[in-house]
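Contents: one structure, followed by commentary.
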Amino acid sequence: MMDDYNFPQVTQLAIPFFVVAILIELWLVRTGRAKGSFETRDTLTSLMMGTGNVVAGLLLGVVSYWALLWLWQFRVFNLGLSIWVFLVAFLLDDLRYYFYHRIAHRVRWVWAEHVNHHSSQHYNLSTALRQSWTGLFTFMFMLQAPLVLLGFHPAVIAFTFGFNLVWQF
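Sequential numbering of the sequence shown, starting at 10, is according to my numbering.
What follows is the structure, given as structure tokens:
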């Protein structure tokens with residue numbers, strides 16, 4: 010039986026929050042109330058890369074989701090849905106992200122996908138949105154496979170993945 014879970018797209022829902030936070034930071038920096046720097050082209054580049062990442066995620070994310078959904082049939086447990094499942098999934102996804110980030114800084118193939126996140130000359134909130142469009146091609150989504158095999162539904166993983174990205178902002 011295939012469970013049909015439908016969770017909100019957390020990263021898309023957070024876009025207004027991202028924009029407001031960036032505008033507040035920009036205002037604080039420009040009025041001298043906070044340290045930092047903004048350069049219009051750099052900030053726009055970060056925003057466009059973030060937009061491209063959302064679009065690529067909508068178009069290509071289905072491939073990784075289908076792969077994880079196929080893997081779901083081999084799960085050891087069926088953990089279902091509860092607040093505890095989401096909390097544990099979030100913690101394990103954060104650990105998954107830690108391993109992804111270590112790999113991204115050590116393996117050239119994955120660094121090629123990750124380096125654009127580090128390409129800004131300015132360290133501000135907009136830089137957090139500077140995400141790659143090509144993440145699927147590194148196959149790093151396979152780091153989520155152990156979570157599926159443990160019994161976390163791919164929809165739960167997708168939700169916590171999005172929540173994790175918002176949390177990191």
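Using N, Cα and C, we set each Cβ at its ideal position, and we do this for glycine too.
Using only alpha-carbon positions, find the residue among the options that is nearest to residue i.
i, options, result
"His162", "Tyr74, Gln21, Trp176, Ser55", "Tyr74"
"Leu104", "Asp51, Arg50, Lys44, Thr169", "Thr169"
"Gly61", "Gln21, Val38, Ile33", "Gln21"
"Val124", "Glu34, Ala113, Leu134", "Ala113"
"Leu53", "Ala23, Val71, Ile31, Gly66", "Ile31"
"Leu156", "Ala98, Phe178, Asn133", "Ala98"
"Trp36", "Leu67, Gln177, Asn133, Leu96", "Asn133"
"Val72", "Gln177, Met151, Phe178", "Met151"
"Trp81", "Phe95, Ile92, Ile166, Phe178", "Ile166"
"Asn173", "Trp79, Asp102, Val94, Leu90", "Asp102"
What three-state label does DSSP hand residue i in the structure shown?
i, result
"Glu48", "coil"
"Ala154", "helix"
"Trp75", "helix"
"Tyr132", "coil"
"His162", "coil"
"Asn87", "coil"
"Arg117", "helix"
"Val175", "helix"
"Phe99", "helix"
"Tyr142", "Here residue 142 is Trp; the residue named in the question, Tyr, does not match the sequence. Note: Trp142 maps to coil in three-state DSSP."
"Phe170", "helix"
"Met10", "Residue confidence for Met10 is low, a pLDDT of 42 falling below 50, so the modelled location carries little weight; the figure read from the coordinates is stated next. The answer is coil: DSSP assigns Met10 none of H, G, I, E or B."
"Gln82", "helix"
If you measure between the beta carbons of residue i and residue j, is that distance less than 8 Å?
i, j, result
"Ser141", "His127", "no"
"Ser55", "Arg139", "yes"
"Ala164", "Phe26", "no"
"Leu77", "Gln153", "yes"
"Thr147", "Trp118", "yes"
"Leu158", "Val85", "yes"
"Ala23", "Val175", "yes"
"Met149", "Tyr107", "no"
"Glu48", "His131", "yes"
Which whole-angstrom value is the C-beta distance of residue i and residue j, which I expect to be below 8 Å?
i, j, result
"Gly160", "Leu88", "4 Å"
"Val28", "Gly171", "Their Cβ separation, rounded to whole angstroms, is 17 Å, which puts Val28 and Gly171 out of contact at 8 Å."
"Ser129", "Asp13", "With a Cβ gap of about 40 Å, Ser129 and Asp13 do not count as contacting."
Checking contacts by CB at 8 Å: is residue i closer than that to chain B?
i, result
"Ala30", "Of the protein chains in this structure there is only one, and it is not chain B."
(request) Starting from the N-terminal side, write out each stretch of the alpha helix (DSSP H) that is 4 residues or longer and does not extend beyond the segment 23–47. (result) Within the segment 23–47, the alpha helix (DSSP H) runs of at least 4 residues that lie entirely inside it are, in chain order, 24–39.
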